[in-house]
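Colleague: Pasting a structure below so you can have a look.
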Amino acid sequence: MKLYPDKLSAHLKQKTAPVYFLHGDEPLQIMELGDQLRAHARKEGFDERQVFYANEDADWTAFREAADSMSLFAERRLIEVRFPTGKPGRIGGEQLKAYCQNPAPDVLLLITSVKLDRGGKASAWYKALDKAGVTIEVYPVAAKDLTKWLAARFKQHGMQAESTALELIAERVEGNLLAAAQEVERLALLHPNASLTPDDVLAAVSDSSRYSINDLASAALAGDVARSIRIVRGLKEEAIAPVLVLWALSSEIRSATRAAEAIAENVPEDKALKAAGVWSSRVAPLKVALKRHSVASWLHMLQQTAEIDRMVKGQEPGDVWDAFTALSACLAGHGDTLLTTRLA
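Read in this note's numbering, the sequence shown has 26 at position 41, and its numbers run on one by one without any break.
What follows is the structure, encoded as structure tokens:
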């Protein structure tokens, strides 16, 4: 059954299909639909999760074994299969067709893929997925609809925005919905529960203050979200090498992660920080940040630094400065609150 993205919530209130296939060329929407399905799966008791990456040359044995075997840890399982190329290959296609003929009753299968070509949509494996469950194709938000999308996004944050302000933002983020979402989040942090004006948008863009990389780490550890975001913008405008910014943030996060894990094992805080190799000048700021974040939050931010490293090296798509903004806001905020959706 084909389903439009905005109809997924209503569908899930009525039933849970055995298979969901998300495909398209808009990564943000794919990610958020996937998060919605994962949250629904947990609510329905699919407590165990397994993830497989599959391309045309992948070995599908592990998938079949996982789908056919009984779980040792949970009665119901979520199995995710991700297609980085949009093509499961001949063997993968046959495996998916066979699975869809008799889906496992204790498994919810979630497949995500980049945009399919015409051959992919006409393939037997795609038709089998559509017959056995739900397929959702995600389209980019058209330029004419972007201001409406931004307005709805601001509403989720309890904000409003004047039409001119929305147009200013749309001009900067057209064609990059992930950047648009991050821009909304950044402005929501700077102007919580406000009615956004064009001047607010221009001020957020035109701030010419000069900052150092150390200023960013200090502001984020201290919990100053707005200043952290301003510093990231300033560093970008000064053309600071992203690798240096990443080093400053990742070194703090790496040390804090090691310390947080030790503290969780009842190691005294000072001893944990010393064992993590934290310099004496950084002990006080890290203690402040450790109070705001759990071990899970630190681990998630550490994962973000790895993703940014791949962006810097050109191994992963994305705007590295948008990623720095998101990471700095997370580090400066309360991770267990700000990252709820991403950790789901």
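Don't be surprised by glycine CBs; every beta carbon is placed ideally from N, CA and C.
Under a three-way DSSP split, which group does R218 fall into?
Modeller: If DSSP states are grouped into helix, strand and coil, R218 belongs with the helices.
Colleague: Report yes or no: do the region 228 to 236 and the region 286 to 293 share at least 3 C-beta pairs separated by less than 8 Å?
Modeller: Contact between the region 228 to 236 and the region 286 to 293 is present, because at least three Cβ pairs lie under 8 Å.
Colleague: S203 lies in the alpha helix (DSSP H); which residues open and close that run?
Modeller: S203 -> alpha helix (DSSP H) spans I198 to A207.
Colleague: Beta-carbon separation of G74 and A109 under 8 Å?
Modeller: Going by C-beta atoms, G74 is not nearer than 8 Å to A109.
Colleague: Identify whether G78 lies in helix, strand or coil by the three-state DSSP scheme.
Modeller: In this structure, G78 counts as helix in the three-state DSSP scheme.
Colleague: Report the three-state DSSP secondary structure of T322 (helix, strand or coil).
Modeller: With a pLDDT of only 45 at T322, under 50, the local geometry of the prediction cannot be trusted, and the value read off the model is given with reservation. Here T322 sits in helix by DSSP.
Colleague: M(-14): buried (16+ other C-beta within 10 angstroms of its C-beta) or exposed?
Modeller: The residue is exposed, with fewer than 16 neighbouring Cβ atoms inside 10 Å.
Colleague: With distance defined between alpha-carbon atoms, name the residue in G160, A117 and V123 nearest to T132.
Modeller: It is G160.
Colleague: Apart from the five residues just before and just after A317, which ones in its own chain have a Cβ nearer than 7 Å to its Cβ?
Modeller: Result list for A317: A204, A205, G208, D209, V210 and S213, in chain order.
Colleague: Does DSSP put H278 in a helix, in a strand, or in coil?
Modeller: Coil.
Colleague: Starting from G299, follow the beta strand (DSSP E) in both directions and report where the run begins and ends.
Modeller: That residue, G299, is in no beta strand (DSSP E); it is neither H nor E in DSSP.
Colleague: How about V126 and L162: do their beta carbons lie closer than 8 Å?
Modeller: For V126 and L162, yes; Cβs fall inside 8 Å.
Colleague: Run through the region 52 to 138 for me and flag every whole beta strand (DSSP E) of 3 or more residues, listed as ranges in chain order.
Modeller: Within the region 52 to 138, the complete beta strand (DSSP E) runs of at least 3 residues are 61 to 68, 92 to 98 and 119 to 123.
Colleague: Please list, in chain order, all residues of the same chain as Q167 whose beta carbon is under 7 Å from its beta carbon, the five residues on each side excluded.
Modeller: The residues are D307, T310 and A311.
Colleague: Take every Cβ of the region 32 to 46, pair it with every Cβ of the region 3 to 14, and state whether three or more of those distances are shorter than 8 Å.
Modeller: No, they do not touch.
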